[in-house]
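**Student:**
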Amino acid sequence: KAGVTQTPRYLIKTRGQQVTLSCSPISGHRSVSWYQQTPGQGLQFLFEYFSETQRNKGNFPGRFSGRQFSNSRSEMNVSTLELGDSALYLCASSSPRGANQPQHFGDGTRLSIL
Amino acid sequence: AQKVTQAQTEISVVEKEDVTLDCVYETRDTTYYLFWYKQPPSGELVFLIRRNSFDEQNEISGRYSWNFQKSTSSFNFTITASQVVDSAVYFCALSEEETSGSRLTFGEGTQLTVNP
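Here the protein sequences line up with chains E and W, keeping their order.
For what it's worth, my numbering labels the leading residue of the first sequence as 51, then goes sequentially.
For what it's worth, my numbering labels the leading residue of the second sequence as -7, then goes sequentially.
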């Protein structure tokens, strides 16, 4: 069974640009969550999608948005990039949805802002 | 508010030594779940173990064991006879049934280095 797939693996952008990251969950998993990992703030929850609806949201500005498609694939978008957005962005999927479910993570997308 | 603390930033041991990673958590929920994840240099977080708040039975699985104590809000993880391949960053995480649902709150992580 294929794991969580995130594309691209690496991205370099400049300040003010926008970026879209993609995540394909494990087949059959309908819950997809996104996390940001930085050396200073550690691992922080961004948002969770289930059945194409955002179910949970972390404490991030509106520049961070996401969506989920009918096949459970998810995208995350960051607009007006700032230097502080440089991070490893991790996607996780689970099934079924719930606080007791282990989440299965992808390798992440490493975003660098110049 | 929920919080997870891993006081040990880095641990270095020699192969075959036993090592314990500490985790202390805070939560107001009565039903919650604790997890340990391993992050090798490749970046992927690998799920290791889950414990729920009403099951304090400790467990041993191969070289891994877990000690969950609600009285001290601790969920410690021990690797017996460590190996070089165990070198990674280990994260303790918490989710809450009522307050945060499937959202995971992570500790700061402990970098474990096992030297040959």
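Positions of the beta carbon are idealized from the N, C-alpha and C atoms, including for glycine.
Could you work out which residues of chain E lie near W:Arg42, taking near to mean beta carbons separated by less than 9 Å?
**Tutor:** Stepping through the second sequence from its first residue, residue 42 of chain W is reached at position 50. Going along chain E in sequence order, the residues near W:Arg42 (Cβ under 9 Å) are Asn150, Gln151, Pro152.
**Student:** May I ask you to verify whether the region 10 to 24 of chain W touches the region 135 to 148 of chain E, counting CB pairs closer than 8 Å and requiring at least 3?
**Tutor:** no
**Student:** Using a C-beta cutoff of 7 Å, does E:Gly78 count as contacting chain W?
**Tutor:** The residue given as residue 78 of chain E occupies position 28 in the first sequence. Not one chain W Cβ lies under 7 Å of E:Gly78.
**Student:** Quick one, which of E:Gln56, E:Arg65, E:Met126, E:Ser120 has its alpha-carbon nearest E:Phe97's?
**Tutor:** Walking along the first sequence from the start, residue 97 of chain E turns up at place 47. Closest by alpha carbon: E:Met126.
**Student:** Pick from E:Ser77, E:Ser74, E:Phe110: whose alpha carbon is nearest that of E:Gln91?
**Tutor:** By 1-based counting over the first sequence, the position of residue 91 of chain E is 41. Checked all of E:Ser77, E:Ser74, E:Phe110; the closest Cα to E:Gln91 is E:Phe110.
**Student:** Would you say W:Arg42 and E:Pro152 are within 7 Å of each other, going by their C-beta atoms?
**Tutor:** For the purposes of this step, residue 42 of chain W is identified with residue 50 of the second sequence, where counting begins at 1. For the purposes of this step, residue 152 of chain E is identified with residue 102 of the first sequence, where counting begins at 1. Cβ atoms of W:Arg42 and E:Pro152: closer than 7 Å.
**Student:** What residues in its chain sit with their C-beta under 8 Å from that of E:Glu102, if we drop five residues either side in the sequence?
**Tutor:** Within the first sequence, numbered from 1, the residue matching residue 102 of chain E stands at position 52. Hits under 8 Å: Arg117, Gln118, Phe119, Ser120.
**Student:** Using a Cβ-Cβ distance under 7 Å, would W:Phe46 count as near chain E?
**Tutor:** Locating residue 46 of chain W in the second sequence gives position 54, where the first residue counts as 1. At a cut-off of 7 Å between C-beta atoms, W:Phe46 does not count as an interface residue with respect to chain E.
**Student:** Check the Cβ-Cβ distances between E:Glu98 and every residue of chain W, and say whether any is below 7 Å.
**Tutor:** Residue mapping note: residue 98 of chain E aligns to position 48 of the first sequence, counting from 1. Taking Cβ atoms only, chain W reaches closer than 7 Å to E:Glu98, which makes this a yes.
**Student:** For chain W, check one thing: does any of its Cβ atoms lie closer than 7 Å to the Cβ of E:Arg90?
**Tutor:** On the first sequence, position 40 is the one that residue 90 of chain E refers to. It is Gly, not Arg, that sits at residue 90 of chain E in the sequence shown. Using a CB distance cut-off of 7 Å, E:Gly90 does not count as an interface residue toward chain W.
**Student:** For W:Glu89, go through chain E and note every residue whose CB falls closer than 9 Å to its CB, in chain order.
**Tutor:** In the second sequence, residue 89 of chain W corresponds to position 97, counting from 1. The answer, in chain order, is Gly148, Ala149, Asn150.
**Student:** Select from the region 107 to 120 of chain E all residues with a C-beta closer than 8 Å to any C-beta belonging to chain W, and list them in chain order.
**Tutor:** Gly108: these are the residues of the region 107 to 120 of chain E whose beta carbon lies less than 8 Å from some beta carbon of chain W, given in chain order.
**Student:** Is there at least one Cβ from chain W nearer than 7 Å to E:Leu61's Cβ?
**Tutor:** Against the first sequence, residue 61 of chain E aligns to sequence position 11. Not closer than 7 Å to any Cβ of chain W, the Cβ of E:Leu61 fails to qualify, so no.
**Student:** I need the boundaries of the beta strand (DSSP E) containing W:Glu18, first residue and last residue.
**Tutor:** As a working mapping, residue 18 of chain W is identified with position 26 in the second sequence. Start and end: 16 to 18.
**Student:** Which runs of the alpha helix (DSSP H), 4 residues or longer, sit entirely within the region 47 to 82 of chain W?
**Tutor:** none
**Student:** In the DSSP output, what is E:His79 paired with across the bridge?
**Tutor:** For this step, residue 79 of chain E is matched to residue 29 along the first sequence. Answer by DSSP bridge pairing: none, since E:His79 is not bridged.
**Student:** Please give the ranges of any beta strand (DSSP E) in the region 65 to 141 of chain E, keeping only runs that are unbroken, at least 3 residues long and fully inside the region.
**Tutor:** 69 to 74, 81 to 88, 92 to 100, 103 to 107, 114 to 118, 124 to 128
**Student:** What residues from chain W crowd round E:Leu140, counting only those whose CB sits closer than 7 Å?
**Tutor:** Numbered from 1 along the first sequence, position 90 holds the residue referred to as residue 140 of chain E. Those are Leu37, listed as they occur along chain W.
**Student:** CB W:Tyr25 to CB E:Asn150, shorter than 7 Å?
**Tutor:** The residue given as residue 25 of chain W occupies position 33 in the second sequence. The residue given as residue 150 of chain E occupies position 100 in the first sequence. Yes, these two residues count as a Cβ contact at 7 Å.
**Student:** Could you check where the beta strand (DSSP E) with E:Lys63 kicks off and where it finishes?
**Tutor:** Taking the first sequence and counting its residues from 1, one reaches residue 63 of chain E at position 13. Segment 60 to 63, the beta strand (DSSP E) holding E:Lys63.
**Student:** Under a Cβ-count criterion, where at least 16 other Cβ atoms within 10 Å of its own Cβ denotes burial, should W:Glu51 be classed as buried or exposed?
**Tutor:** What you label residue 51 of chain W is simply residue 59 of the second sequence in a count that begins at 1. Exposed: under 16 other Cβ atoms inside 10 Å.
**Student:** Taking Cβ to Cβ, would you say E:Ser122 is nearer than 7 Å to E:Arg80?
**Tutor:** Position 72 of the first sequence, counting from 1, holds the residue named residue 122 of chain E. Position 30 of the first sequence, counting from 1, holds the residue named residue 80 of chain E. Yes, the pair counts as a contact, with Cβ atoms nearer than the cut-off.
**Student:** Which residue from W:Gly93, W:Asn107, W:Lys30 puts its Cα closest to that of E:Tyr99?
**Tutor:** As a working note, residue 99 of chain E is residue 49 in the first sequence. Selected option, being the one with the closest Cα: W:Gly93.
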